[in-house]
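Comments concern the structure below.
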Amino acid sequence: MTSTQIPTRYDWSYQEIAAYFDLPFNDLIFQAQSIHREIFDPNKVQLSTLLSIKTGKCPEDCAYCSQSNRYDTGLSYEELMEVEAVVEAAKEAKAAGSERYCMGAAWRSPKGRDMAKVTAMVKGVKALGMETCMTLGMLNKDQANELAEAGLDYYNHNLDTSPEYYKQIISTRKYQDRLDTLQHVRDAGMKTCAGGIVGMGETRDDRIGFLQQLANLPAHPDSVPINQLVKIEGTPLDLTLEEQIDSFEFIRMIAIARILMPYSYVRLSAGRETMNDEMQALAFFAGANSLFYGDRLLTTDNPESSKDRQLFKRLGINNEEHVIDDLSDDGLNGDPQTQSVSAGTSENSLFYNAV
Ligand code: SAM
Ligand code: DTB
Ligand code: SF4
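Converting from the sequence shown to our numbering requires adding 1321 to each position, the first position being numbered 1.
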């Protein structure tokens, strides 16, 4: 078990973050790994499984997304799932070793009529002993409170990119709308999951601006998903983008997220299908300690669970086992200038036991 005191800062400047990007790769990774192992067990990853509970026909125009009704991506529409089917799917994820179930809906924001069903999903999945996460679009105060009362642990709402580049990616909701939703989630007492996408044709300046926004939020997101764009045929980004982001630039993003938000779980998220094992190992070394586990993301493929288990075994990585009630006061949330954290030590027989 490791325990330490590392300051949590909310005043990162553009220049400071740019200086990290300019470091020689090895120096950056070394710094990130040093901070990482002061706070977390470096051989543990947190596993979340995704399910799309309502798919397609989204009124928003996110230029990367398979689910927007503006683009012809060939995706089949699926209305909001029944509660029992969601709980059954969560059971399978739990049996495969997943700790958190993340339910996503292609909505601009939930409608009043949907709330009873989604809160029942939260209760049903929690009753299995799993952590719950939802991503349903923008929330107002009342909706955030209703989800919190149902027991929702995490709410995912991404900033996606820098405020400047954002305008080129989405026009139907403002950056400020996203910051407001995150505020409602925090006010309701839920944990926040907020990150974004790299490889959308943004510049390094945009990557710096994006990380600066995340790191200077009133409280660091408890979970920071870093997605590599999954190119979807028919979306504007598929038509305009030629090059994939450089692998080392992607690893730099992970490392700098780890340094700026030392107590957050940094999630190696979408895009793993195109990453080889070595790249993923480097991401873990740079401080990623969470991932989406299970054969599907929302509408696209993710590496098969058995393949991931093999990778964990080769790397001596274990998954984290959380007792849900213990998470409420583990020091990962909130905004004290310094926080004390103990990383978990429990083992799970599904994975390699390095000890
Ligand atoms: N509709 C809700 C919303 O956008 O708030 C929730 C689901 S949405 C699919 C969640 C996040 O997934 C997006 O904010 C984006 O960061 C990520 N995402 C969506 N499509 C992606 C893609 N093709 N590649 C990488 N990340 C993607
Ligand atoms: C996040 O940051 N990534 C997840 C989750 N939050 C909801 C979604 C990734 C979606 C990838 C494309 C797809 O499968 O549709
Ligand atoms: Fe809709 Fe979310 Fe896709 Fe944007 S990212 S189009 S809001 S499902």
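For every residue, glycine included, the Cβ atom is placed at its ideal position computed from N, Cα and C. Note that the structure is predicted; figures quoted are calculated from it, not measured.
- Contact between Ile-1327 and Ile-1360 holds: their C-beta atoms lie close to 6 Å from each other, under 8 Å.
- Looking at Lys-1495, Met-1511 and Ile-1356, the one whose alpha-carbon comes closest to that of Asp-1382 is Lys-1495.
- Cys-1514 sits away from Arg-1617, with the two beta carbons spaced by 9 Å or more.
- Two segments are said to touch when three or more pairs of C-beta atoms, one from each, lie closer than 8 Å; by this definition the stretch 1444-1456 does not touch the stretch 1345-1353.
- Look at Phe-1613 here: in three-state DSSP terms it is strand.
- DSSP places Gly-1530 inside the alpha helix (DSSP H), whose first and last residues are 1525-1536.
- Within 8 Å of the C-beta of Ile-1491 there is at least one heavy atom belonging to the ligand SF4.
- By the Cβ rule, the stretch 1631-1642 does not count as touching the stretch 1387-1397, because fewer than three pairs are nearer than 8 Å.
- Around the beta carbon of Thr-1524, fewer than 16 other beta carbons lie within 10 angstroms, which makes this residue exposed.
- Boundaries of the alpha helix (DSSP H) harbouring Gln-1354: 1346-1360, taken from the DSSP string.
- Going by beta carbons, Leu-1396 and Gly-1377 fall inside the 9 Å limit.
- In the DSSP assignment, Ala-1591 forms no beta bridge with any residue.
- At a Cβ-Cβ threshold of 9 Å, Met-1459 and Ser-1430 count as neighbours.
- For Ile-1518, the enclosing beta strand (DSSP E) begins and ends at 1517-1519.
- Gln-1497 counts as exposed, since fewer than 16 other C-beta atoms from the protein chains shown sit within 10 angstroms of its C-beta.
- For Ser-1430, no alpha helix (DSSP H) segment is defined, and its DSSP state is neither H nor E.
- One Cα belongs to Pro-1539, the other to Thr-1556, and the distance between them is close to 33 Å.
- Judged by DSSP in its simplified three-state form, Ala-1426 adopts strand.
- Put simply, the stretch 1603-1620 touches the stretch 1364-1371. At least three CB pairs are less than 8 Å apart.
- Assignment of beta-bridge partners to Glu-1399 by DSSP yields Thr-1376.
- Residues close to the ligand SF4 by the beta carbon criterion (under 6 Å to any non-hydrogen atom) are, from first to last along the chain, Cys-1379, Glu-1381, Cys-1383, Cys-1386, Gln-1388, Ser-1389, Ala-1427 and Gly-1458.
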